[in-house]
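Report on the following structure.
In the working numbering, the protein residues as written are 246 to 746.
Right under this line is the structure:
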C-alpha cells in the first residue's frame, strides 16, 4: 500500500520522477524485449488507475523509440484541478469559463518560462541535456572536425549576436537628437536599457576594452556610464546609471536628463536565469517580495540620492520587462516621497490573465466586466471584516499625479492586458458602473486576498494614470512583440493616449 500511494503522489505532483521508478524501468525493459521478439503490432499495453499511468509512461517512451503500441487505459488519473472541477462545479457555463481562464493562465506562465529559457515542452531538463549530449557525441564520432567547429561557434558567440551591435541594430538614424521629439526620447531611453543588457553580456563573456559591445549604446547619445547596479545574489548587472556629458539648458521645457537609471529584463543565460525568473514570479504572485528584494532596495537608494543631488526633473527611469517592473516599483515609491520622475516602461508585465489575447470582443469585454464585479464584490465584502487602511486608498489618488510612459504591444501577452485595463475603465464609466470600475481599478485579486489575511499590500502593476503607447505594427513572433528593439525602429506604427484617473 505504501509504495502504491507513493507512486500515486508522483503521478499527481512529480510525473518526471515516475518514469525513473523501478516499476516503470522494469516494465519498459520487458516491453522493449517483447517488441524486439514479436514486433510492435503484436504487443498491447493495458492498465487501470495507477497501472494506466505506468502504461501511459511506457507507451510514451516507446513512441519516442518509433514504436506505437495498441494501448487501453482504464480510469487513468488526470494530474490537474480537472477532477475538482467535475465534482464541485455543476454549472456548465461556469465550468467552461474557469477552464478558459485556466488555459490563459497556463499560456501566460509558459511564456514567462519561455522568456527565461526554462521551458521545454516535451522533455525534462535532464532528458534534454542527455539527448543533446548523445547527439553531440554521435556527431563527434561521425565528424572529427566537429570539435573545431564548436570552438569556432563559441568564438562567434562570445563576439555577440547582431542585435548586440549598435551600428547594426541600434537607432543610428538619429544623427541629431531633438529632445522635443517624443520618438527620439523614447528611442534613447530604450537604447540605454539595451545598454544594460549588453553590459551584463559583456561581463559574462569577459569582453573588455575594445571588445566590449555596450559603450556605443550610450556614447552615441552623449551619455557616459556613471555607475552599474549589481545584484547581491547572482552578482549580475541588473541596472546602470548614465550621466549626460554636456551642460544642460534647464530653461528648455524638454531638455535632456542629467541622469538616466535603466534596468534590464530577464536574460536566458545560466548565470542570470535563476534570479531573474525568481523575481518574475514574485512580481506576478508575491509583489511584496519584489519590493523587498535587493534590486529594488538598491535602486530606490541610488535614485533617492540622484534626486537629492540633481532634482527630480533631471532624473529619468527606464526599464524593459522585469526591468520595467522594477522601475515601476521605484517610481511609485518616489511619487509617495513627492517626486514624480519621467519614466519609460517598455513591455512591463501585467499581473493578470492576458484577456487582451482573446479575439472575440464580446467574450473579452464580458470576461472583464465579470472580473470587475467579482473584484469589487470581494473588496466590499472584505472591508466589512478587515478595514482597509485609508492610506492605501489615498496612495492611489496620490499616484494619479504621476504619468509614466507605458509601452505595450498588442501581440505580447506579458504586457498587452494594460490595454484592456485602461480601456475597460472607460467602458465601465459608459455603462454607468463607474463605482465598480473604480474599485476594480485599485485592486487585484492578489491584493484583496492578502488584505483578507491581514496584510496591507499594493498591486504595484496597477496605475491610475499613464501615457499608454501601443505598437500597432504586426509582430512576426511573441519574442519580437516582447523585444525592446521595437521601440527605436523608424517604421513602427504607434498609437498613444493619456489615461487619467
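Idealized CB from N, CA, C, for every residue including glycine.
{"Item": "Determine whether the beta carbon atoms of residue 705 and residue 528 lie at a separation below 9 Å.", "Value": "yes"}
{"Item": "Hey, residue 749 and residue 487 are a contact pair by Cβ (cut 8 Å); roughly how many whole angstroms apart?", "Value": "There is simply no residue 749 to check, as the chain begins at 246 and stops at 746 in what is shown."}
{"Item": "So, under 8 Å CB-CB, residue 435 and residue 732 are touching, yes? Tell me the CB distance rounded to an integer number of Å.", "Value": "4 Å"}
{"Item": "Just curious, the beta strand (DSSP E) that residue 472 is in, first and last residue?", "Value": "468-475"}
{"Item": "Are the beta-carbon atoms belonging to residue 236 and residue 307 less than 9 Å from one another?", "Value": "A query on residue 236 cannot be resolved here, the shown segment of the chain reaching from 246 to 746 and no further."}
{"Item": "Is the CB-CB distance between residue 474 and residue 483 below 9 Å?", "Value": "yes"}
{"Item": "Output needed for residue 195: all residues of its chain with C-beta closer than 6 Å, excluding positions within five of it in sequence on either side, in chain order.", "Value": "In this structure the chain extends from 246 to 746, so residue 195 is not present and cannot be described."}
{"Item": "Is the beta carbon of residue 741 less than 9 Å from the beta carbon of residue 718?", "Value": "no"}
{"Item": "Can you tell me the Cα-Cα spacing of residue 723 and residue 663, whole angstroms?", "Value": "17 Å"}
{"Item": "Can you tell me where the alpha helix (DSSP H) with residue 303 in it begins and where it stops?", "Value": "295-309"}
{"Item": "Spatial neighbours of residue 448 within its chain, please: C-beta separation below 8 Å, excluding the five flanking residues on both sides.", "Value": "481, 482"}
{"Item": "Who are the Cβ neighbours of residue 552 in its own chain at under 6 Å, not counting the five residues just before and after it?", "Value": "560, 584"}
{"Item": "Please state whether DSSP places residue 505 in a helix, a strand or coil.", "Value": "strand"}
{"Item": "Report yes if the C-beta distance between residue 653 and residue 714 is below 9 Å; otherwise report no.", "Value": "yes"}
{"Item": "Under 9 Å, do residue 511 and residue 566 count as touching if we go by C-beta distance?", "Value": "yes"}
{"Item": "Is it buried or exposed, residue 271, if we count other Cβ atoms within 10 angstroms and call 16 or more buried?", "Value": "exposed"}
{"Item": "Report the rounded CA-to-CA distance for residue 293 versus residue 485, giving the unit in angstroms.", "Value": "58 Å"}
{"Item": "Tell me whether residue 742 sits in a helix, a strand or coil according to DSSP, three-state version.", "Value": "strand"}
{"Item": "Straight-line CA distance for residue 568 to residue 515?", "Value": "18 Å"}
{"Item": "Do residue 710 and residue 659 come within 9 Å of each other at the CB atom, strictly closer than that value?", "Value": "no"}
{"Item": "Am I right that residue 285 and residue 321 are in contact with their C-beta atoms under 8 Å? What's the rounded C-beta distance?", "Value": "Not a contact, Cβ separation roughly 21 Å."}
{"Item": "Assuming contact is defined by CB atoms lying nearer than 9 Å, are residue 492 and residue 587 in contact in what I supplied?", "Value": "no"}
{"Item": "Short of 8 Å in beta carbon distance, which residues of its chain neighbour residue 304, apart from the five on each side in sequence? Order them along the chain.", "Value": "290, 314, 316"}
{"Item": "Could you check where the beta strand (DSSP E) with residue 316 kicks off and where it finishes?", "Value": "315-319"}
{"Item": "Keeping to the same chain, check which residues put their C-beta closer than 6 Å to that of residue 409; ignore five residues upstream and five downstream.", "Value": "443, 458"}
{"Item": "Considering only C-alpha positions, which residue in the set 745, 311, 264, 280 is nearest to residue 296?", "Value": "264"}
{"Item": "Look at the alpha carbon of residue 425 and the alpha carbon of residue 665, and state the distance between them as a whole number of angstroms.", "Value": "30 Å"}
{"Item": "Please list the terminal residues of the continuous alpha helix (DSSP H) segment that includes residue 555.", "Value": "539-555"}
{"Item": "Look up residue 465 in the DSSP assignment and say whether it is helix, strand or coil.", "Value": "coil"}
{"Item": "To which residues of the same chain is residue 534 closer than 8 Å at the C-beta, ignoring the five residues directly before and after it?", "Value": "527"}
{"Item": "Output the distance between the C-alpha atoms of residue 477 and residue 539, rounded to the nearest integer angstrom.", "Value": "7 Å"}
{"Item": "With distances taken between CB atoms, is the gap from residue 472 to residue 547 smaller than 9 Å?", "Value": "yes"}
{"Item": "So, using beta-carbon positions, are residue 563 and residue 591 closer together than 9 Å?", "Value": "yes"}
{"Item": "On the premise that residue 656 lies in contact with residue 570, defined as a C-beta separation below 8 Å, what is that separation, rounded to the nearest angstrom?", "Value": "Their Cβ separation, rounded to whole angstroms, is 20 Å, which puts residue 570 and residue 656 out of contact at 8 Å."}
{"Item": "Compute the Euclidean distance between the alpha carbons of residue 667 and residue 311, then round it to the nearest angstrom.", "Value": "51 Å"}
{"Item": "Quick one, which of 427, 445, 423, 437 has its alpha-carbon nearest residue 506's?", "Value": "437"}
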